[in-house]
Amino acid sequence: MKVYIETDRLLLRDIEESDAAGIFALDSDPEVHQYLGNHPITSMQQAEEMICLIRQQYVDKGVGRWAVIDKASNEFVGWSGLKYELNLRKEFSYFDLGFRLRPKYWGQGIATESARESLKFGFTKMNLTQICAAADIANFASNAVLKKVGLQFKEVFQYEEIPVNWYVLNREDWLKHVSRTP
Ligand SMILES: CC(C)(COP(=O)(O)OP(=O)(O)OC[C@H]1O[C@@H](n2cnc3c(N)ncnc32)[C@H](O)[C@@H]1OP(=O)(O)O)[C@@H](O)C(=O)NCCC(=O)NCCS
1 MKVYIETDRL
11 LLRDIEESDA
21 AGIFALDSDP
31 EVHQYLGNHP
41 ITSMQQAEEM
51 ICLIRQQYVD
61 KGVGRWAVID
71 KASNEFVGWS
81 GLKYELNLRK
91 EFSYFDLGFR
101 LRPKYWGQGI
111 ATESARESLK
121 FGFTKMNLTQ
131 ICAAADIANF
141 ASNAVLKKVG
151 LQFKEVFQYE
161 EIPVNWYVLN
171 REDWLKHVSR
181 TP
């Protein structure tokens, strides 16, 4: 997979080995990990291993999270995109929509902008019929983004004793959502 999508402000592309410093800055930040189990990474080696795993998903599943680059500064903002998720729901696997950005970029609509492109890619280029997502019920920003881009709340489930909101979006509902979104 070699994805290269441009939005007004962003470049979305495959994560590369050279993104290790950016991944380290992102994933060593305790603020970023507040609703992700509170286990920020502590070494560059862990960042490199994460990149390896993501790149293997491109090969194995045809998709994985993308690097989000700020076009104006060429800076690594974080990652966003789809992942084939096998571990979160014990009963089934699914294509997951997710995003993780460096705090200095929060609150500017970047997660929303990139999530819209991820859904478009999944439903039109990959021909998926359903994309799902999960967010800690206390993670207001993440829940807000998921709802804004059309994901539909289904239930709360427990993951490692934490209540998590579960969202689903079918292709036909996505088509209706985008036809209503200016
Ligand atoms: C979740 C995250 C990606 C959001 O990124 P972002 O670029 O700031 O998101 P956006 O600016 O596109 O949208 C954020 C929305 O949340 C809302 N929001 C933010 N903080 C909020 C809060 N405390 N309460 C209610 N709404 C809140 C914003 O108002 C905005 O909605 P609006 O456009 O309707 O006003 C970012 O906070 C992040 O990287 N967090 C750490 C990693 C993480 O938790 N990832 C999600 C795991 S499920």
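Residue 137 in our numbering sits at position 137 of the sequence shown, and the numbers go up by one each step.
Using N, Cα and C, we set each Cβ at its ideal position, and we do this for glycine too.
Please read all numbers here as calculations on a predicted model, not as lab measurements.
Of all C-beta pairs linking the stretch 24-35 to the stretch 9-16, fewer than three are shorter than 8 Å, placing the two stretches out of contact. Between the stretch 112-124 and the stretch 2-10, the count of Cβ pairs shorter than 8 Å is three or higher; the stretches touch. The stretch 92-105 and the stretch 38-52 do not touch, with fewer than 3 CB-CB distances between them shorter than 8 Å. Here the alpha carbons of Asp96 and Gly150 stand approximately 14 Å from one another.
Take Asn139, set aside five residues on each side of it, and the residues of its chain with a beta-carbon closer than 7 Å to its own are Tyr35, in chain order. In the three-state scheme derived from DSSP, where H, G and I count as helix and E and B as strand, Glu161 is classed as coil. The count of Cβ pairs closer than 8 Å, one atom from the stretch 157-167 and one from the stretch 120-128, stays below three, leaving the stretches out of contact. In the three-state reduction of the DSSP assignment, Gln108 falls in the coil class. Membership of Arg180 in the alpha helix (DSSP H) is indicated by the continuous run Arg171 to Arg180. In this structure, Tyr105 lies near Val77, with their beta-carbon atoms less than 7 Å apart. For Glu31, there is no enclosing beta strand (DSSP E), as DSSP gives it neither H nor E.
Short note on Tyr159: C-beta not closer than 6 Å to any heavy atom of ligand 1. Residue environment for Ile54: buried (at least 16 other C-beta atoms within 10 angstroms of its C-beta). Cα atoms of Glu75 and Ile69: separation of roughly 6 Å, rounded to the nearest angstrom.
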